[in-house]
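Taking my numbering, the leading residue of the sequence shown gets 66, the next gets one more, and so forth.
Glycine included, C-beta positions come from ideal geometry on N, C-alpha and C.
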Amino acid sequence: MATGGIKRSSKRNNHKGRLCARPITMEETKVATSTPNTEQGAVDHLLGDEFEHAPVPAVARRSLFSVTMVWLGFPMIITGAMTGSLLVLGMGFTRAVTAMVIGNLVMLVYVGALGHLGYRSGMNFGLIASKVFGRKGFVLASGLLSALLLGWYAVQTGITGALISSTYGLSYVAMTIVAGLLYTAIAFAGVRGLHWISIASVPLFVLLGLFVAVHAASTTTWSAILAYPGNNGTATMPMGVGLTVVIALFADGGTVTADFNRWARTGTHSFIATFSAFPFANLSAMLVGGVMTAALAVPNANPFGTDNIFGYLNGLNIGWVSVLAFVFLYVNLGSVCSHCLYNAATGWSRIFGGHMRTMAVVVGIVGIVIAAGNVWAYFIDWLTLLGVVVPPIGSVILVDQYLARPQSGTNADWRPSAFLGWITGAGAGFAVELLMPELSTAVCSALVAGLAYGLIAVLSPRPVVAVTG
């Protein structure tokens, strides 16, 4: 269902559950195929139901191409290239690439496992979190992630406005508002909008990113690139910190991966879509920035200023290339911004019992206001925070749904054991950050949370089941 209507196939539905891991209920089929009679329903009928409060039924699942494109367009972005540049500046080229590869493989396992839960159940993150943290408790986990995703939307929107303003001398506030309104419109269109913005963004990044990397590399030798020692000849960033930067860049979006993978038709489709993002798209973006930075070896380079793909293209001083760079920036950052806004709106709609598209408009406006205040300047602080508090949430969910209580339902308003695991992991992450900064806070916090919750599950008394004769 990449570009056309919904196709139903009873043969596929009955083929040992490969299309959907559970049977479709009559209620879900009715929801997926009924004709709306309200204004909001008319919008859903035109753009597609987003299933904010119910699992995505088999008849509404999307094609492998569609789900893969949605994922490809999320991490294959200029900001990923900027992060690659930061890693190379701080670690040197070869050590930075090592951190990129290991971090992306960690993300493949983490996001892939969480994404499979979304495919298997058809549920978004909020629905899955309600099973783990409780019918009311999920609000804290989902609310935190939705707030962080809104923050990332504001960060990326602010970066768009700042780069356009500094390069072309246009008003920062005006360019930020234009960007925010455009990105909100894409998120309003739902998963279909994410599909189409990715189709526009990914080819542009592949074309321009590859050009920049090759063109910059042509100014030196590959042996010099591989030997690049870091900014001003020194590498000061520990491997653990580098891993945290790689993981934390998409720790929030990766944790709510069920919002995307619930649309997959099979488990194989879910894995392929995840693989297209981690390691393929994310690593590709980071390598583009890393190669460019190592090749140019600019002292005290500023990836969030002019020392990035966008700045490189404009630095060629070719009119049509500058116009293409302008379009590329809006489209490419529009992809990640609309993804973040979609996740945030899905989360808030689940919390408030509202509609995703309504929440997209509301939080989109809030994000525009925040972006106009230059919040993107706190990029590294966001990464540090995310690396500590977000991975434990996903770790607890994985242990709960795969080991402790496989395929369990929501049986309580609050599940203190899940929160205790989360808090323990986050506490360990903060301790590592303060006492052992050379280690990865993201990895440590996730491992401790999973182990703590698993231990609690083992030691907790099992419910007694009465046997009647």
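Please list the terminal residues of the continuous alpha helix (DSSP H) segment that includes Arg554.
This structure cannot speak to residue 554, because the chain is shown only from 66 to 534.
Nearest to Ile193 by alpha carbon, out of Ala119, Ile167, Thr232?
Selected option, being the one with the closest Cα: Ala119.
Return the Cβ separation of Asn379 and Ala390 in integer angstroms, given the expectation that the two are a contact with Cβ distance under 8 Å.
Confirmed, about 5 Å.
Have a look at Pro471 and Ser525 and give me their C-alpha separation to the nearest angstrom.
Their Cα atoms are separated by approximately 16 Å.
Give me the Cα-Cα distance between Glu92 and Val176, rounded to the nearest whole angstrom.
With a pLDDT of 39 at Glu92, under the threshold of 50, the predicted position of this residue should be treated as unreliable, though the coordinate-derived value follows. Answer to the nearest angstrom: the Cα atoms are 30 Å apart.
Got a sec, what are the start and stop residues for the alpha helix (DSSP H) Trp479 sits in?
Taken as a continuous stretch (DSSP letters only), Trp479 belongs to no alpha helix (DSSP H), as it is neither H nor E.
Cβ-based burial, Thr320 [other Cβ within 10 Å; buried from 16]:
Around the beta carbon of Thr320, 16 or more other beta carbons lie within 10 angstroms, which makes this residue buried.
Use the C-beta contact count for Asp372: other C-beta atoms within 10 angstroms, 16 or more gives buried, fewer gives exposed.
Burial state of Asp372 is buried, judged by a 10 Å Cβ sphere holding 16 or more other Cβ atoms.
Hey, would you say Gly429 sits closer than 8 Å to Thr249, going by beta carbons?
In this structure, Thr249 lies closer than 8 Å to Gly429 by Cβ.
Taking the straight line between their C-alpha atoms, what separation do you get for Asn397 and Arg185?
Taking the straight line from one Cα to the other gives about 31 Å.
Assuming contact is defined by CB atoms lying nearer than 8 Å, are Arg480 and Ala329 in contact in what I supplied?
It is not a contact, given that the beta carbons lie outside the stated cut-off.
Taking the beta carbon of Tyr518 as the centre, do at least 16 other beta carbons fall within 10 Å, making it buried, or is it exposed?
By the neighbour-count rule (16 or more Cβ atoms within 10 Å), Tyr518 is buried.
So which of Ile143, Val197, Val153 has the shortest CA-CA distance to Ile458?
Minimum Cα distance to Ile458 is reached at Val197.
Collapsed DSSP secondary structure at Arg200 in the structure displayed:
Note: Arg200 maps to coil in three-state DSSP.
Compute the Euclidean distance between the alpha carbons of His260 and Ser335, then round it to the nearest angstrom.
About 15 Å.
With a 10 Å radius around its C-beta and 16 neighbouring C-beta atoms as the bar for buried, classify Ile54 as buried or exposed.
Nothing about residue 54 can be reported from this structure: the residues present for the chain run from 66 to 534 only.
Rounded separation between Asn189 and Phe116 - CA only:
Each residue's alpha carbon lies about 8 Å from the other.
How would you label Thr411, buried or exposed, when you count the other beta carbons within 10 angstroms and need 16 or more for buried?
By the 10 Å Cβ count, Thr411 comes out buried.
First and last residue of the alpha helix (DSSP H) that includes Phe568?
This structure cannot settle anything about residue 568, because the visible part of the chain is limited to 66 through 534.
Same chain only: Cβ atoms within 6 Å of Ser341, ignoring 5 sequence neighbours per side:
Contacts found: Thr133, Trp136, Leu137.
Using the C-alpha atoms, what's the distance from Val508 back to Leu500?
The alpha-carbon atoms of Leu500 and Val508 are separated by roughly 15 Å.
Which residues in the same chain have their Cβ closer than 8 Å to the Cβ of Phe417, if we skip the five residues on either side of it in sequence?
The residues are Met424.
Within the region 117-173, ranges of the alpha helix (DSSP H) (whole runs, at least 4 residues):
Annotation: the region 117-173 contains the following complete segments of the alpha helix (DSSP H) (minimum length 4 residues), in chain order: 129-137, 143-156.
So, under 8 Å CB-CB, Ile142 and Ser400 are touching, yes? Tell me the CB distance rounded to an integer number of Å.
Separation of the CB atoms of Ile142 and Ser400 is rounded to 6 Å, and the pair is thereby assigned contact status at 8 Å.
So what does DSSP say about Gln221, is it helix, strand or coil?
The three-state secondary structure of Gln221, taken from DSSP, is helix.
Grab me the residues of Gly157's own chain with a C-beta within less than 8 Å of its C-beta, minus the 5 sequence neighbours each way, in chain order.
The answer, listed in chain order, is Tyr293, Pro294, Gly295, Ala300.
Look at Thr358 and Val153 and say whether their C-beta atoms are less than 8 Å apart.
In contact: Thr358 and Val153 (Cβ atoms closer than 8 Å).
To the nearest angstrom, how far is it from the Cα of Gly307 to the Cα of Leu111?
Whole-angstrom Cα-Cα distance: 44 Å.
Residue range of the alpha helix (DSSP H) that Pro457 falls in?
That run of the alpha helix (DSSP H) goes 456-464.
Along the chain, which unbroken stretches of the alpha helix (DSSP H) at least 4 residues long are found entirely within the region 300-366?
Those alpha helix (DSSP H) runs which fall completely within the region 300-366 and span 4+ residues are 304-314, 316-320, 323-326, 332-340, 347-361.
Leaving aside the five residues before and after Ala146 along the sequence, list all residues of the same chain whose C-beta is less than 6 Å from its C-beta, in chain order.
These residues qualify, in order along the chain: Ala350, Val353, Gly354, Ile374.
Separation of Asp317 from Leu213, as counted between CA atoms:
Approximately 7 Å between the Cα atoms of the pair.
Could you please give the first and the last residue of the uninterrupted alpha helix (DSSP H) stretch that includes Tyr237?
Counting along the chain, Tyr237 sits inside the alpha helix (DSSP H) bounded by residues 237-253.
Taking Leu520 as the reference, which of Ser482, Gly492, Phe495, Pro502 has the closest Cα?
Nearest of Ser482, Gly492, Phe495, Pro502 to Leu520, Cα basis: Ser482.
Alpha-carbon to alpha-carbon, Gly298 and Asn365:
Computed Cα separation, rounded: 11 Å.
Does the beta carbon of Ile433 come closer than 8 Å to any beta carbon on chain E?
Reference to chain E is not applicable here, since this structure consists of a single protein chain.
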